[in-house]
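**Q** First the structure, which I've put down as structure tokens, then a few questions once you've had a look.
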């Protein structure tokens, strides 16, 4: 069983479709970060394991989900819970890890429509990916919100960021630990109607995420 950590804050409109698309052998763990729209109840009704996370922040939610994952199987995926990714494509990131081809695999977003990836978020991602290539030497083009690695490996990195710098800190930590890191293409669609992005939906949210990530690179 491969666990899938889904950091969640008010994603009720996306969860039914998302959870219905989980491939066989993949167990969703919804790490709820204080939703007020019934997301935890909807997730549980659709068969997900729900972890309630009191500390606010993307990294806090992912870390709590990671701790709740099965330590026996070992492979864990992380994916946004807003409906922008198709869970049916999770094997694209998980299979190379399971086969030992890479210790961390990132899903490189390929927009399915023009409006799937707002210009300000794409611009910020391009700039950060450039800095990441210079810092780590990995030939990456995207920070990869869909990703996979082994649970024990991720915990061994000792990641400290609990905000939006967490995904970047993971890649930087992997480089310092000498991991092999690769990326694969995954579809990126507009988020589900009725949900609101905490990062890409507004310029302010994007700037906040970039500042969190810049602090990670400055360490």
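Residue numbers (the UniProt record's numbering): 1 to 219. Think of the CB as a built atom: it goes at the ideal place given N, C-alpha and C, for glycine as much as any other residue.
Shortest alpha-carbon distance to residue 26 belongs to which of 41, 40, 92?
**A** What you label residue 26 is simply residue 26 of the chain shown in a count that begins at 1. Looking at the Cα atoms, 92 is the closest of the given residues.
**Q** Applying the 10 Å Cβ sphere with the 16-neighbour rule, what's the burial state of residue 72?
**A** As a first step, residue 72 must be located in the chain shown, where it is residue number 72. With fewer than 16 Cβ atoms within 10 Å of its Cβ, residue 72 is classed as exposed.
**Q** Could you tell me whether the segment 109 to 129 touches the segment 47 to 67, using the rule of 3 or more Cβ pairs below 8 angstroms?
**A** No: fewer than three Cβ pairs fall under 8 angstroms.
**Q** To the nearest angstrom, how far is it from the Cα of residue 183 to the Cα of residue 33?
**A** Reading the chain shown from its first residue, position 183 is the one you call residue 183. Reading the chain shown from its first residue, position 33 is the one you call residue 33. If I take the Cα positions, the gap works out to 28 angstroms.
**Q** Are there 16 or more other CB atoms within 10 angstroms of the CB of residue 139, so buried, or fewer, so exposed?
**A** For the purposes of this step, residue 139 is identified with residue 139 of the chain shown, where counting begins at 1. Counting Cβ neighbours within 10 Å, residue 139 comes out exposed, since fewer than 16 surround it.
**Q** Would the beta-carbon of residue 181 fall within 9 angstroms of that of residue 99?
**A** For the purposes of this step, residue 181 is identified with residue 181 of the chain shown, where counting begins at 1. For the purposes of this step, residue 99 is identified with residue 99 of the chain shown, where counting begins at 1. No, the pair does not count as a contact, with Cβ atoms beyond the cut-off.
**Q** Ordered along the chain, which non-local residues of its own chain (more than five positions away) have a Cβ less than 6 angstroms from that of residue 43?
**A** Stepping through the chain shown from its first residue, residue 43 is reached at position 43. Within the same chain, residue 43 has close Cβ partners 15, 30, 50.
**Q** Between the alpha carbons of residue 105 and residue 82, how many angstroms are there, rounded?
**A** Walking along the chain shown from the start, residue 105 turns up at place 105. Walking along the chain shown from the start, residue 82 turns up at place 82. If I take the Cα positions, the gap works out to 20 angstroms.
**Q** Using only CA atoms, which one of 65, 151, 86 lies nearest to residue 20?
**A** As a position in the chain shown, residue 20 is number 20, starting the count at 1. Here the closest residue by C-alpha is 86.
**Q** List the residues that DSSP assigns as beta-bridge partners of residue 106.
**A** Here residue 106 refers to the residue found at position 106 when the chain shown is read from its first residue. Note: residue 106 sits in a beta bridge opposite 147, 183.
**Q** To the nearest angstrom, how far is it from the Cα of residue 134 to the Cα of residue 46?
**A** Within the chain shown, the letter at position 134 stands for residue 134. Within the chain shown, the letter at position 46 stands for residue 46. For residue 134 and residue 46, the distance between alpha carbons rounds to 42 angstroms.
**Q** Identify the residues that DSSP records as bridge partners of residue 28: which are they?
**A** Working through the chain shown from its first residue, we reach residue 28 at position 28. Paired residue(s): 4.
**Q** Find the nearest neighbour of residue 23 within the set 3, 156, 193, 187, judged by alpha-carbon distance.
**A** Translated into positions along the chain shown, residue 23 becomes position 23. Closest option to residue 23, Cα to Cα, is 3.
**Q** Starting from the C-beta of residue 256, find all residues in its chain whose C-beta is less than 6 angstroms away, skip the five residues before and the five after it, and write them out in chain order.
**A** The requested residue 256 does not occur in the structure, where the chain is confined to residues 1 to 219.
**Q** What residues in its chain sit with their C-beta under 6 angstroms from that of residue 148, if we drop five residues either side in the sequence?
**A** Walking along the chain shown from the start, residue 148 turns up at place 148. Here the set comprises 77, 93, 94, 97, 105.
**Q** Quick one: is residue 110 buried, meaning 16 or more other Cβ sit within 10 Å of its Cβ, or exposed?
**A** Indexing the chain shown from 1 puts residue 110 at position 110. Its Cβ having fewer than 16 others within 10 Å, residue 110 is exposed.
**Q** Going by DSSP, name the residue or residues bridged to residue 75.
**A** Position 75 of the chain shown, counted from the first residue, corresponds to residue 75. DSSP, once it has assigned bridges, lists 150 as partnering residue 75.
**Q** What number of angstroms, rounded off, separates the C-alpha of residue 6 from the C-alpha of residue 179?
**A** Indexing the chain shown from 1 puts residue 6 at position 6. Indexing the chain shown from 1 puts residue 179 at position 179. Taking the straight line from one Cα to the other gives about 24 angstroms.
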